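Participant:
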Amino acid sequence: MNKTILALDVFDFKKAEKLVKDLSPYIDVFKVGPILFLQSGKEIIKMINDNGKKVFLDLKFHDIPATVQRAVQSARDLGVYSLTVHSCGGEEMLKLATSVENRPKIWAVTVLTSQVTTPEEVVRRAKLAKDCGVDGVISSPLEIETIKSNCGKEFEVVTPGIRPVKVADDQKRVATPESAVKAGADFIVVGRPIIQAENPVEVAKNIYESIKEL
Ligand code: C5P
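Heads up, the sequence shown is in numbering that gives the first Met the number 0, so the first residue is 0 and it goes up one at a time.
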C-alpha cells in the first residue's frame, strides 16, 4: 500500500471530495480529524470508502475504558481503517480498545508534540501501547528509530511533520518523506504541503515517486 496518508484538513465536503478523487493515484489513506468529522461525520467516511480508499479516523480517544471500547466498535461499524487513542488513557483503556473484534487498526498517541517530554517517556508509552495490543504509534520523525529499536520492526510508526521542502510553519521537528521512510516510518502523514500547494496532484505525485522504491 501507498505509504502517504493525506491529512484531509479542509472543512468543506466538496473540497474533501475533490482531493480524494484528484489524489487517488497517489494516496490510499485519508486522515479525518475532529473538525471535518463534526461537520460531515458519516458522509465523509462513506465518500472516502465509496472512492475505494481508506479512512484514518484521528479523533484521539481518551475516556473511561468502556466508552473507548464502544467508540472503537462504532468506528469499526462506520468502516474506518485505522483510528487513534491516547496512550495516557492507561493499560485498562488500551486493552479494552484492542479487544474489540474485527476492529480497525489502532495507533496510539504517545505524548502530544505540543507537550514537553523526553525520548524515554515516548518509548515507555510506546512499549505500554504495544504490550496492550496496539498496532503502532504516531511519532515525530526524530523518534522513529528509537521506537523501532525498542518495540520491534512490526510495531507501526506513523509520522506527521513531513516537509518535502523546508518551509517556515508550526511544525518544528520535520523530515522529508524520503528520510522518514528510510528511518522506518510505515506511513507518513502529509497535510499542508499537498493541500495548500498550487498543484496538489503534482506534489502528491512527487512524494509518491520519491518513496515508492524505498
Ligand atoms: O499540514 P501538516 O502536514 O503539518 O499536517 C499534519 C497532520 O498531522 C495534521 O492533521 C496534524 O493535526 C497531525 N498531527 C501532527 N502532529 C502530531 C499529531 C498529528 O501534525 N503529533
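Beta carbons are placed, not taken as given, at the ideal position from N, Cα and C, and that holds for glycine.
All values derive from a computational prediction rather than experimental measurement.
What are the uninterrupted segments assigned as beta strand (DSSP E) that are 3 or more residues long and contained completely in the region 65 to 152, given in chain order?
Facilitator: Segments of the beta strand (DSSP E) lying fully in the region 65 to 152: 81 to 85, 104 to 108, 135 to 137.
Participant: In chain order, what residues of the same chain have a beta carbon less than 7 Å from the beta carbon of residue 7, not counting five sequence neighbours either side?
Facilitator: Mapped onto the sequence shown, residue 7 falls at position 8. Excluding residues within five positions, the ones whose Cβ falls inside 7 Å are 15, 18, 29, 30, 31, 35.
Participant: Should the region 61 to 68 be called in touch with the region 37 to 44, which here means at least 3 C-beta pairs below 8 Å?
Facilitator: The region 61 to 68, when compared against the region 37 to 44, does not touch it at the 8 Å Cβ threshold.
Participant: For a test of the three-state rule: what should DSSP assign to residue 21, helix, strand or coil?
Facilitator: Taking the first residue of the sequence shown as position 1, residue 21 is located at position 22. Residue state, collapsed to three classes: helix.
Participant: Can you tell me which of the three DSSP states residue 36 falls into?
Facilitator: Position 37 of the sequence shown holds residue 36. Helix at residue 36.
Participant: Which residues bound the alpha helix (DSSP H) around residue 204?
Facilitator: Counting from one through the sequence shown, the residue named residue 204 turns up at place 205. It spans 199 to 210 - the alpha helix (DSSP H) in which residue 204 sits, taken as one unbroken run.
Participant: Tell me the DSSP secondary structure of residue 30 in three-state form.
Facilitator: Residue mapping note: residue 30 aligns to position 31 of the sequence shown, counting from 1. Three-state result, residue 30: strand.
Participant: Which residue's Cα is closest to the Cα of residue 145: 122, 162, 132?
Facilitator: Position 146 of the sequence shown, counting from 1, holds the residue named residue 145. With distances taken between Cα atoms, residue 145 lies closest to 122.
Participant: CA-CA distance, residue 184 and residue 70?
Facilitator: Along the sequence shown, one-based indexing puts residue 184 at 185. Along the sequence shown, one-based indexing puts residue 70 at 71. The alpha-carbon atoms of residue 184 and residue 70 are separated by roughly 27 Å.
Participant: Going by CA-CA distance only, name the one from 117, 1, 210, 73 that's closest to residue 139.
Facilitator: Translated into positions along the sequence shown, residue 139 becomes position 140. Looking at the Cα atoms, 117 is the closest of the given residues.
Participant: Are three or more beta carbon pairs between the region 151 to 160 and the region 191 to 205 nearer than 8 Å?
Facilitator: As far as the Cβ criterion goes, the region 151 to 160 does not touch the region 191 to 205, which means the pair count is below three.
Participant: Report the rounded CA-to-CA distance for residue 169 versus residue 58, giving the unit in angstroms.
Facilitator: Within the sequence shown, the letter at position 170 stands for residue 169. Within the sequence shown, the letter at position 59 stands for residue 58. Those two C-alpha atoms are separated by around 21 Å.
Participant: Three-state secondary structure (DSSP) at residue 52?
Facilitator: Along the sequence shown, one-based indexing puts residue 52 at 53. Three-state result, residue 52: coil.
Participant: Starting from residue 180, follow the alpha helix (DSSP H) in both directions and report where the run begins and ends.
Facilitator: In the sequence shown, residue 180 corresponds to position 181, counting from 1. Start and end: 176 to 181.
Participant: Name, in chain order, the residues that DSSP records as bridge partners for residue 186.
Facilitator: As a first step, residue 186 is located in the sequence shown; it is residue number 187 there, counting from the start. According to DSSP, which records beta bridges pairwise, residue 186 is partnered with 157.
Participant: Would you tell me roughly how many angstroms separate the C-alpha atoms of residue 199 and residue 74, rounded to the nearest one?
Facilitator: Position 200 of the sequence shown holds residue 199. Position 75 of the sequence shown holds residue 74. Distance between the alpha carbons of residue 199 and residue 74: 29 Å.
Participant: Taking 6 Å as the cut-off, does the CB of residue 187 come closer than this to any heavy atom belonging to the ligand C5P?
Facilitator: Taking the sequence shown and counting its residues from 1, one reaches residue 187 at position 188. No.
Participant: Helix, strand or coil: how does DSSP classify residue 196 here?
Facilitator: Locating residue 196 in the sequence shown gives position 197, where the first residue counts as 1. Note: residue 196 maps to coil in three-state DSSP.
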